[in-house]
Amino acid sequence: MTMYHVGLGLGAVLILAGCSEQPQKGPPTEQEIHAADSAVASRAPGRHPYRCDDNKTLLVDFKDQGLTVELRRDAKAPAAVLTAPLQGLQYVGDAETATFSGNQIKIEAPGKRPVLCQKATRL
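The sequence shown maps to residues -17 to 105 in our numbering.
See below:
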């Protein structure tokens, strides 16, 4: 085998390796965005404000690499803790569930109407 044949073989391998299809990934989920949150301007770890359709505010704290959220109606209120087994799945707590879609969160509880909240830049 000559160096010419070795060079052709290496060239073919490199060309084929460049043609392998890379999996397309969609936009990051809300969990992925906040999985590495360590702090925000308010100095509260991973805290993000939302404005809800019931004219109330919601503070969402992302914890445990985005697999746990704590929901509060104000900074001093006790938190409702919800967890998800994997990123991209619904969060479940003792009395409610939360589902993220883009910049929105939908909170549902038995016997209550769903509450839809939009991420706010400030409150």
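Just so you know, even glycine gets a beta-carbon here, dropped at the ideal spot from N, CA and C.
Keep in mind that this is a model prediction, so the values were computed, not measured.
key: Per-residue burial, G28 [other beta carbons within 10 Å of its own, 16 or more giving buried]   = buried
Alpha carbon of G48 to alpha carbon of V74, nearest angstrom = 13 Å
task = Taking 8 Å as the cut-off, decide whether the C-beta atoms of Q72 and T65 are in contact.
result = no
inquiry  = Please classify L53 as buried or exposed, where buried requires at least 16 other C-beta atoms within 10 Å of its C-beta.
reply    = buried
Cβ-based neighbour list, R25, same chain, cut-off 6 Å, excluding 5 preceding and 5 following = Because R25 carries a pLDDT of 39, less than 50, the predicted location of this residue cannot be relied on, and the following value inherits that uncertainty. Here the set comprises nothing.
key: Paired residues, beta bridge with R54 - DSSP   = L41
Distance between N37 and K101 (C-alpha atoms, nearest Å) = 13 Å
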